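Numbering (the numbering used here), first residue to last: 315 to 507.
I have placed the structure first, in the form of structure tokens, so that the comments after it can refer back to it.
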Amino acid sequence: MKQSTIALALLPLLFTPVTKARTPEMPVLENRAAQGDITAPGGARRLTGDQTAALRDSLSDKPAKNIILLIGDGMGDSEITAARNYAEGAGGFFKGIDALPLTGQYTHYALNKKTGKPDYVTDSAASATAWSTGVKTYNGALGVDIHEKDHPTILEMAKAAGLATGNVSTAELQDATPAALVAHVTSRKCYGP
């Protein structure tokens, strides 16, 4: 079973000091309003050129006190864009999410339980298992791979490393997205012990 690269990317966060963004002025990162005529090709571009130096300069060598993983369940670029266009206009800028230097991206597919091949229409359980464990699985599964083997979640790894953890949700805790941090079940409909 191939591990997703997200697991490799997240593991160092649990065991090494984390760098955090500085709070003083970061003009390149903070000014992401559309640059130019939004009706012209490229007019809605929010960033120009390579942002590597600006991102590197925005980091501090001090360890982060906390790591907060915020997930907008079912929220992607199109939902953010629709909200931005409604609230701020097509050339608008959200001072919160648009100021973040990076947002997460990963492949958006589940696996077929029988064949192990991509199932291009995924559900929340398979998607949440991928980002919480680094392992792709079949639709409906939480915290297990296509062979029904348990895999540790980032919350479980953090707790095992002695860190304080929490799982806060506006949905019910057994909903697939929050449950993916703590559950290991072959069916997301398994609400009992």
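Beta carbons: idealized from backbone N, C-alpha and C, even for Gly.
Please read all numbers here as calculations on a predicted model, not as lab measurements.
Backbone CA spacing between residue i and residue j [nearest angstrom]
i    : j    : result
V499 : N426 : 17 Å
T443 : K379 : 26 Å
N481 : D387 : 14 Å
D391 : S374 : 28 Å
R370 : K376 : 14 Å
T421 : F407 : 27 Å
A367 : D412 : 18 Å
L384 : E393 : 16 Å
G403 : M389 : 19 Å
G476 : E462 : 27 Å
S372 : G405 : 25 Å
T429 : K503 : 23 Å
R336 : G457 : Its pLDDT being 45, under 50, R336 is placed unreliably by the model, and the measurement read from it follows with that caveat. Taking the straight line joining both Cα atoms gives about 35 Å.
E486 : A401 : 29 Å
D437 : W445 : 13 Å
Cut-off 7 Å between Cβ atoms - residues of its own chain near residue i, not counting five sequence neighbours on either side
i    : result
Y505 : Q488
A474 : none
D459 : M315, V449, T451 and H465
V332 : Note that V332 scores a pLDDT of 42, beneath 50, so its modelled location is shaky; the value from the coordinates is reported in the next line. The residues are P377, A378 and I381.
Host alpha helix (DSSP H) of residue i (start-end)
i    : result
K379 : From DSSP, K379 is part of no alpha helix (DSSP H); its letter is neither H nor E.
Y400 : D391 to E402
T366 : T366 to D371
E470 : I468 to A474
A442 : S438 to T447
T479 : Looking at the DSSP string, T479 is not in any alpha helix (DSSP H), and its letter there is neither H nor E.
T491 : A490 to A493
8 Å contact criterion, which residue i and residue j should meet: CB distance rounded
i    : j    : result
T447 : T467 : 5 Å
A439 : A490 : 4 Å
Cut-off 6 Å between Cβ atoms - residues of its own chain near residue i, not counting five sequence neighbours on either side
i    : result
L382 : The displayed chain sequence assigns Ile, not Leu, to residue 382. Cβ neighbours of I382 beyond the five flanking positions: none.
S501 : G454
T479 : L469, A472 and K473
Closer than 7 Å: residue i CB and nearest the ligand GDP heavy atom
i    : result
S441 : The ligand GDP is absent from the structure shown, which contains no ligands of any kind.
Inset, instruction - Determine, using beta-carbon pairs with one atom in the region 389-397 and one in the region 495-507, whether at least three such pairs fall under 8 Å. - result: no
Legend entry - Cβ pair count under 8 Å reaching 3, the region 451-459 against the region 432-439: yes
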